[in-house]
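If you read the sequence shown in my numbering, its first letter stands for residue 25, the second for the next number, and so on. Glycine included, every Cβ here is placed at the ideal spot set by N, Cα and C. Just below is one structure, and these are the notes that go with it.
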Amino acid sequence: MTRTSRVTRAMTLALAPFAVAGIASAEDSSDPIVIPIHNWSSQIVMSHAIGQIFEGMGNSVEYVSTDSQAVYEAIRLGDAALEVEVWEGAFGASFNAALEKGGIHEAGNHNAITREDWWYPLWTKEACPGLPDWEALNACAAVFATPETGEKGRFLGGPVDWLKHDAEKVEALEMNFTVVNAGSAAALWAELAAAEKDKTPIVIFNWTPNFAEAVWPGEFVDFPKWEAGCDTDPTVGPHPDRTYDCGNPADGYLKIAAWDGMPEKWPAAYAVLQKVSFTNPQIAEMAKLVDVDGMEPEDAATAWLEANEAVWKPWVE
Ligand code: TMO
């Protein structure tokens, strides 16, 4: 940016105090608000719900399919405007790295508690009664063995971009398991449904809030408790010389992130975004509309907004 344009910009800001304060005179840019879409249902439905609220205010919105880790760099650079679901377990590290570089900030925090980790449906406990303890799971590894994993137990992880470091965890805790990554969230539910038919023991990656908890009662595996730095600092966690020797946060946050340029470019939409806050049951319901009821995410978002006006209308008024 040249010196002249920097001065012009500063003057524009000085002359437009109302715009800066977010009062009615602030006009949102007609450029589309780019909302990134990932590969699990609640995020897709929530993105469309918030996008449809913005469209109802007269904004234009563009949905772009984006890698769920790279998105924080994209937002920092202004290529995407916001992220509606920053899960602490999966994305805390990428979000923090982007925060440190600058250009992105926390715009809100859902009234939700999240957990993402190894999980099993309750019938699995019959074959491995010491669950949910991780050492009991490890002692039962043979129960989860498949031709694909030989003598080792099979752990079905999520798509690789969720970057759960399951293989690192297996190594750090010396577990008798092999990690197999599912190609999609839908592949996790398909395997779970298949295992349910004859109550085959199975351990997969799962999370809450999610529709799955209403369909398949189950439990998360209890690993050594997450402590900040367990993923980066070998001294943190039970093994003083290893990283990833711990579980994921059991009471993780779910935040909303935004590009630093958003408040100035789309002040009205940003003011709404700051008020957005969904609860565990609301988020689980958004996923259910797609994963159980089979709706398209756009239609699920519209249906959710129609059924829940009392939740979101006050954010817009
Ligand atoms: C990122 N996820 C919510 C699927 O764990």
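Give the C-beta separation of residue 119 and residue 181 to the nearest angstrom, bearing in mind that I take them to be a contact with Cβ-Cβ under 8 Å. About 21 Å; that fails the 8 Å criterion.
Pick helix, strand or coil for residue 127, following the three-state DSSP scheme. coil
One or two residues paired with residue 297 in a DSSP bridge: Answer by DSSP bridge pairing: none, since residue 297 is not bridged.
Local conformation of residue 216 per DSSP, three classes: helix
Kindly list the residues whose CB is nearer than 7 Å to the CB of residue 200, restricted to its own chain and excluding five residues on each side of it in sequence; keep chain order. 162, 165, 176 and 177
Should residue 47 go down as buried or exposed, given a rule of 16 or more other Cβ atoms within 10 Å for buried? With a pLDDT of only 45 at residue 47, under 50, the local geometry of the prediction cannot be trusted, and no value is derived from it.
Put residue 233 into one of helix, strand or coil per three-state DSSP. coil
Consider the C-beta atom of residue 113 and the heavy atoms of the ligand TMO; say whether any pair is separated by less than 8 Å. yes
For a test of the three-state rule: what should DSSP assign to residue 282, helix, strand or coil? strand
Entirely enclosed alpha helix (DSSP H) segments - the stretch 42 to 87, minimum 4 residues: 65 to 80
Under the three-state DSSP convention, the category residue 272 falls into: coil
Using a Cβ-Cβ cut-off of 6 Å (strictly less than) and excluding sequence neighbours within five positions of residue 64, which residues of its own chain qualify? 209
At a cut-off of 8 Å, is residue 170 close to the ligand TMO when judged by its beta-carbon and the heavy atoms of the ligand? no
Verify the contact flag: residue 67, CB atom, against every heavy atom of the ligand ATP, threshold strictly below 8 Å. In the structure shown, the ligand ATP is absent; the only ligands present are the ligand TMO.
Within this structure, are the beta carbons of residue 238 and residue 141 separated by less than 9 Å? no
Check residue 111 in the structure and name its three-state DSSP category. strand
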